[in-house]
Structures are given as structure tokens and as C-alpha cells.
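Comments concern the structure below.
2 protein chains.
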Amino acid sequence: MGLIVQKFGGTSVADAEKIHLASRRAIAARERGNRVVVVVSAMGDTTDDLVDLADQVCTWRGTKYNPPKREMDQLLATGEQVTIALMAMAIHAQGCEAISFTGGQIGLVTDNAFSKARIQSINHQRIINELDSGKIVIVAGFQGVTPDGDLTTLGRGGSNATLVALGAVLHADVCENYTDVDGIYTADPRIVKNARKIDRISYDEMLELSGLGASVLQTRAVEFAKKYNVPIEVRNSQNDNPGTWIVSETQNMEHIVVSGVALKKELIRVTIKSVPDQPGIAATIFSTIAAGNIVVDDIIQNVMDDNTANISFTVEHGDLADIKPVVEKLTKVLGGRMQAIYQADLAKVSAVGVGMRTHTGVAQRMFKALADAKVNIQNITTSEIKISCIISKEDGPRALQAVHDVFELEKAK
Amino acid sequence: MGLIVQKFGGTSVADAEKIHLASRRAIAARERGNRVVVVVSAMGDTTDDLVDLADQVCTWRGTKYNPPKREMDQLLATGEQVTIALMAMAIHAQGCEAISFTGGQIGLVTDNAFSKARIQSINHQRIINELDSGKIVIVAGFQGVTPDGDLTTLGRGGSNATLVALGAVLHADVCENYTDVDGIYTADPRIVKNARKIDRISYDEMLELSGLGASVLQTRAVEFAKKYNVPIEVRNSQNDNPGTWIVSETQNMEHIVVSGVALKKELIRVTIKSVPDQPGIAATIFSTIAAGNIVVDDIIQNVMDDNTANISFTVEHGDLADIKPVVEKLTKVLGGRMQAIYQADLAKVSAVGVGMRTHTGVAQRMFKALADAKVNIQNITTSEIKISCIISKEDGPRALQAVHDVFELEKAK
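For the record, the sequence lines run as chains A and B. Residue 1 is where the first sequence starts when you use our numbering, and the numbers rise one by one after that. Residue 1001 is where the second sequence starts when you use our numbering, and the numbers rise one by one after that.
Below, the structure written as C-alpha cells:
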């Protein structure tokens, strides 16, 4: 008996049959005596279809214009609104009471950063009232309203942000995140065939893995869950297998040296050579890049003999078109002999685990495993609970398997 | 220079190309110096598609359940929300500024009669502010919110109700109603080939014609326009022909005896025989029927020699399944020798015109025309500005043509 917030992603509500399946889960949790809140995403390809419509109307006399972001959010927010209504109807048809709410209807107020708004507050009284009257409450994920009543969307992974925010304000016992996989794996099972589902993982480890491309749960949602100590269970909507619990770190987690490994494919390393070695110049470079909304990682700076520095960092392959003009502009503005080199076809293999804090020799084992697999390491970056190696793209899958093997992740701990 | 409210129905915004066409009209009106508000319906078949989705999720283990009306409105309101966002984007792509609003965002408050809500108030300040800043304002038709923030829809013709309500609160110079026909015709042009487009028609005449099945403009919208004296122009979105103006009655309108004729096909006459001739019994019968949400018309009561009465009325063919159980129940409750007779395959031909008030002999001309066309009249009902004859269904088109001919409606007045 408790309060459960369940979230069903787009593939789990893609058609009437799947909506019925999701409804059964909500009803089953209700029948076990829980109070149940359900967060849903837009059905299947709905968002893509809406974006396609927007592309069509934004093309005028052969030129494609960017849609105003406010209007794009007004458009996209309809996707989840369709699902909440259908979900409430499906639950009703199955003999249980339900009521649906848009983000605005539960006072989910955000800032006005359209397309990537941040949640500021939730007026959860109406949810509590409906739960008290015995209803299952269905909430539209991914959306909110500004204080002026304009609709906003929360960006990539926004429905998970809604899930965790509701879990926090309602003091939920668990947030169940239903997806199309059984949970979080020690590695991507499409690459590492003997990858194992993880039973429990800490927020910090999940944060590192999310940042490294484990797309099940986005960084923002995990940060929020950590801040408010909301347990998340990632589960498969198609079966009843137990999933992966993402929880606060416990003492015995440190026995596990490495919890999971990850591979980021398709990276590009940008190296800016002959940067004047002056205070503040790195700040100028990276704030200019950040202003272009480009995410950089794996920053390395080496000071040379001639009083200049080489600064390198990686960006995702898809950001190449965006980063190039920014870097060209920077080399012009900062002057001197600066020049930029772009190295494509890179990848990054990483090992993550809170046990690294207390165990020594982890990096050496990883480097040796890569060497044995004849993988050349080009750069190394580390955090307290993560070791990452930049390698060539073609070595990626082999490297991931080698690191997975050396830490024996296929064995249950 | 003035304030224009334009409304585009579903067929006029059915795809990106049509949305661009509609946008051009709004921009053209803006460029002529007007302040422009645009009301839009859901695109083409969107509403049907949503209803179909609802049917699917409301079917559980072979039984179809009725969706909760609140959830149905939550679902259907997304249709117009998609169109307003796309319309604002299209106008933006064409170089003009626009902003979209849902019903809720302009405080269009209704009662909580889901699926057929009535507008109670509109907070038009935000619209005024955006018009003042030079923007074209796009408003979702057909929808509003209850004081609690639940979404409602306004029922059949709801977008026209939004059009006229906005016209009233904004003191618009004209409400332009864009459809797929050139305006209001003297008769349905699909039946009467020489039907003529009417240039000007009074609210009262339009009300009668709407009630008789001229589906371009619904009764509620016309009532509202009459109450607030808002001129409506019905126009074709596919061409630049002048349309039909629906306006207050003017003195010279009375020169035209008959403005238009209409045919209602597929009527059923229900006759209840041997009704005890007691005060209040008709009220009991018709309030019971009204409680079943069935619209009746052409009520005739004849008192018989035996102190009973025969009461007859017509309903649309589609209401037969609903009316039968209600009448069976009534005959049981009221007892006596009452029995019901159903006569199908009827139609009604009507002539409408404010000139009837001051001209005599109109009914006779109509009856003679029908007699000459060998059309047998079964019932006659009249109002101050309308004459209706119940006839057999197969005579319908011939009767309509005959009445159109006798009043020479094909000739411009």
C-alpha cells in the first residue's frame, strides 16, 4: 500500500491495444491497494508526425523557416493530451475510475524556455483530491505552462522529468518507468551479447551512464530523483520481469567495482592549437561554444613550450555543422596563430562504478584489457566513479566487450 | 480599417497548402490595415480520427463503452490546438507576426456541459494586447474551459459560436465565415440547379433556414450574432467571390417575400392517438422526449369527439431508434387506449422570408405550386416568416424546385 507513479513511454502507448495493456498495469497497482498516478508520453510516432506537419507549413516558396518555439510547443503538447484522454477512457472501459490532466491543469509551471523548459512548481492538490476520491490520475508528461499560461515542453526525456517531479511532490514510494527494455544493462545488449540486467544502481552511476549515452533515463530526471531521493524502477511494459532500481547509494554498493560499461559512437575531437596561454581564455572558448547550445566533453588542455596551449574536446558527430562556424569565429576573434583540427571517426568506451572510489588498480585493468584487445587509446578522462578512453570508432564494439569481460560484468554480483 | 474576425472550417485548413491559403487571407486583411483575429477548426478528418481512436480504447472484451464526456472533450480539443499552432507558423513563414491561443488561454469560460458547453465569458484583454502589438491572433474554435480549468467543447457548429462570440466581445466590424461554398443559396444548389446566391439575409431568416437544415451556419451562432448585432459574411475560402451577408433586418428586406426555400429529407412522423385530453399532458409528453435529447418539430394536436386528442410531431430519421422506447414508455405510464403510429419516408419543404409579414397570399401561392407539381401536402405548419409542408420523401426534390420556381428565386431581387 503506497503511492506509485507509473510512466509509459511512446512505444508503450502506441495503439489501442498497448494503451489497454498499460491501463491493466495501472488498475492492477490500484487493486493492490495503492494510490496510482500515471504519466504518459505521446503515442508512437505522433511527435514525428507533428514535426513533419510543422515542416510543411514552415516551408514557403521553397524556403524552410524555423517555427516560433512557442508555437512548436503549442503543437507538440497535443500529443500527450491525446494519450491522457485515451488512457482515462481505457481505464474507464475496464471498470475503474480515472481522470486525465494536462500539465497546465495540475499547475505544472515552468520557466518560459520553450522546447526545453524547466519545471518550477507543481500544484499537486488537485491530484491529491482525485486520488482521495479513489481515481487513477493520468498526467500528460513532457509539458507544462508558463506563469502566463503559455504551453511549454520539457525537451528530450521530458516525460521522465514529469515522472520524477510528480514522484517528488507526491512523496511517491516508487516511480515505475515502463519502457521497451527490461531495465538498465551492464552494457548495450545489442553490442555485448552477455550483458546482464542490473538489479540496483546508484543515482550517481546512473548519471554517468546517462551522460554516456544510456538513453533509457536522461540525466535531468536522474538528477532530480537524486535531489529528492525518489526511487525509480525501470521496467519492461511487455512483461512482468523485475526491473532495475535506481536508488541512493548504499554501503554495500561499493563492493561492486564497476557497475556498467558504455560506448559512445561517432564522436569528433576538435583540437585548437596555439591558443595564447592567458587566464580566462578557456572560459571564453567554452562559453562561446555553450552559447551555441553545443555539448562538449572530454576537455584536455596541454601547455606547450612556446607559451601557447592546445585545447581539445569531443563533440557528437551530429554537432559538427554547428561547431565549425563557432570555432572559426573564435580563432578569428582570439587571433594569433590559432588553428583548429577536426578528427572524426572516434568513439569513447567508459567504465562506471562507485566502487572505484575505494578500489585501486581499476584504470590499469581497463587499459590492459584494451591493450590486449589491440585497441589504441587516444585520450583518457576520468571522474571519481568513471574512466573514459577515446578510441577509434572501428574499435568501439571490440573495446566495449573487452572492458565488459575484464570486470566480469556478466556474472551476478 | 477595422477589426475582422475570420473563421476557417476543417476543409479550409485540411492540409499545409490550404493552411497557407487561409494564412494569405489573414495577412491580406492585415495588410489592408485591419486588425485580424482568426478562428480555426480541426484539420479535415482529424476529429473523425480522434473519435475512431476513442472507439477503439472504449471497446473492452467485445463490449463498447461510452467514453466519459470530460475525457472526450479533453481528446477532441487537441484538434483545434494543432491547427492554431500550424496556422501561426504558416503566417510566420510568410513574414508576418502571429500568436496562437487555445480557448483556455483567452479565458473562454463555459459551463461544464461537456460536449455541448455554452460560452459564459471571454477575457479578451490578451487578444487586444497582441492585436495592439501588430500580431495576427489565432484562436482555437469549438473549445473552452470550465471555471475549474477542465476543457470543454461547444458541440456541433462550435467554431462558429467561437467566431461570433469573439466578434461580439471585440466589437468586430465583420465576422468572415470561410467555407467551401460561395454563400447562402435560395435553395440547395445540389437539388435546385438554378438556385441563386443570396447577397443579404436577415438573422431571423437565417435562423429559420438553419433550423431547416441549411448547414453552413448553425442556429446558435446566428442567435448569438443577432443578439449582439454582429454582421457575418459567409464566403468561399477557394475564391474571391463576394459572399452572403447575414445582418439585422432592414426595411427594404420586406420587399422580398421569400428569401429562400429549404428541404428536410428523411423525416418520420410520430402520431400518438387517444391521448387523454387533460391539461398538462402535452407538457408531460414533450418534456419526457426532450429529456431523451431528441429534437421534435411540426407539432400538431387535434382534439377528437371522444374527449381524447391525437398528437403528432416529426423527428429526423436518425432519431427513430431513440424515440421509440421513449414513446412506448409514455404510452405505458399515461395509460388509457393510447397508441403510437410511425410514418416514415416523409420530407418537409419550407419557404422563408421576412416579407411574409407584410405580404398576403404567400401560402396560397405555395400550395398551388405544390398542387400543380402533383405533390400531396400531409401537414402544414407556419411561423411569422415561414411556411412548411410535410410531404412524402419521394416528392421532395420536385416540391423544392416547384416552390423555388413559383417565387422566382432564381432572379436577382
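Ideal Cβ placement from N, Cα and C applies to all residues, glycine included.
Query                                                                                                                          : Result
Thr-152/A burial status per 10 Å Cβ neighbour count (16 or more: buried)                                                       : buried
Other residues of its chain near Ser-1388/B: CB distance less than 6 Å, five sequence neighbours each side excluded            : Lys-1348, Ser-1350, Thr-1381
Short CB-CB distance (under 8 Å) between Leu-53/A and chain B                                                                  : yes
Own chain residues within Cβ distance below 7 Å of His-92/A, not counting five before or after                                 : Ala-98
Secondary structure of Ala-1262/B, DSSP reduced to three states                                                                : strand
Bounding residues of the alpha helix (DSSP H) (the contiguous stretch that carries Gly-979/B)                                  : This structure leaves residue 979/B out entirely; chain B is present only between 1001 and 1413.
Rounded straight-line distance, which links the Cα of Gly-1044/B to that of Ser-1012/B                                         : 8 Å
Chain B residues whose Cβ lies nearer than 7 Å to that of Thr-78/A                                                             : Thr-1078, Gln-1081, Val-1082
Beta strand (DSSP E) runs wholly inside the segment 1117-1193 of chain B, at least 3 long, in chain order                      : 1119-1121, 1136-1140, 1143-1145, 1151-1153, 1174-1179
Where Glu-1384/B sits in the DSSP three-state scheme                                                                           : coil
Residues of its chain near Pro-372/A, where Cβ-Cβ distance is below 8 Å and the 5 sequence neighbours each way are ignored     : Going by the sequence as given, residue 372/A is Asp instead of Pro. Result list for Asp-372/A: Ala-402, in chain order.
Inter-stretch contact at 8 Å, needing at least 3 Cβ pairs: the segment 1264-1275 of chain B / the segment 1319-1339 of chain B : yes
Minimum C-alpha distance to Val-1005/B - residue among Ser-1115/B, Asn-1177/B, Pro-1189/B                                      : Asn-1177/B
Which listed residue (Glu-1316/B, Ala-1042/B, Leu-1263/B) has its alpha carbon closest to that of Glu-1394/B                   : Leu-1263/B
Cutoff 8 Å: Leu-1166/B Cβ touching any chain A Cβ                                                                              : no
Contact set between Glu-130/A and chain B, taken where Cβ atoms lie within less than 8 Å                                       : None at all; the shortest Cβ gap to chain B is about 12 Å.
Secondary structure of Ile-323/A, DSSP reduced to three states                                                                 : helix
Beta-carbon spacing of Ala-1042/B, Gly-1079/B below 8 Å                                                                        : yes
Three-state class that DSSP yields for Pro-1276/B in the structure shown                                                       : strand
Cβ separation of Ala-1161/B and Arg-1220/B, assumed to be a contact under 8 Å, to the nearest whole Å                          : 6 Å
Cβ-Cβ distance between Ala-1140/B and Val-1040/B below 8 Å                                                                     : yes
Local conformation of Val-375/A per DSSP, three classes                                                                        : coil
Unbroken alpha helix (DSSP H) run spanning Ala-1225/B, endpoints                                                               : 1219-1228
Closer than 7 Å at the beta carbon, the chain A residues around Leu-1058/B                                                     : In the sequence under discussion, the amino acid at residue 1058/B is Cys, which differs from the Leu named in the question. Those within 7 Å of Cys-1058/B in chain A are Met-89, Ala-93.
Neighbour list for Gln-125/A in chain B, Cβ cutoff strictly below 7 Å                                                          : What Gln-125/A touches in chain B: nothing, since even the nearest Cβ is about 12 Å away.
Contact the segment 1236-1244 of chain B vs the segment 1195-1210 of chain B: 3+ CB pairs below 8 Å                            : yes
Reference Gly-103/A; option with closest CA among Gly-158/A, Trp-60/A, Asp-52/A                                                : Gly-158/A
One or two residues paired with Ile-309/A in a DSSP bridge                                                                     : Reading the sequence as shown, one finds Ala at residue 309/A and not Ile. Val-275/A, Val-303/A, per the DSSP bridge assignment.
Helix, strand or coil at Thr-1110/B [DSSP, three-state]                                                                        : strand
Status (buried if at least 16 other CB within 10 Å, exposed otherwise) for Lys-972/B                                           : It is not possible to answer for residue 972/B, since the shown part of chain B is limited to 1001 through 1413.
Inter-residue Cα distance where the pair is Leu-370/A and Leu-1053/B                                                           : 53 Å
Same chain, Cβ closer than 7 Å to Asp-1150/B, five either side skipped, listed in chain order                                  : Arg-1070, Asn-1112
Three-state secondary structure assigned by DSSP to Phe-1008/B                                                                 : strand
Segment contact, 8 Å Cβ cut-off, at least three pairs: the segment 1056-1076 of chain B with the segment 1029-1039 of chain B  : no
Spatial distance of Ala-165/A from Asn-252/A (CA atoms)                                                                        : 28 Å
Span separating the alpha-carbon of Asp-1298/B from that of Asp-1405/B                                                         : 25 Å
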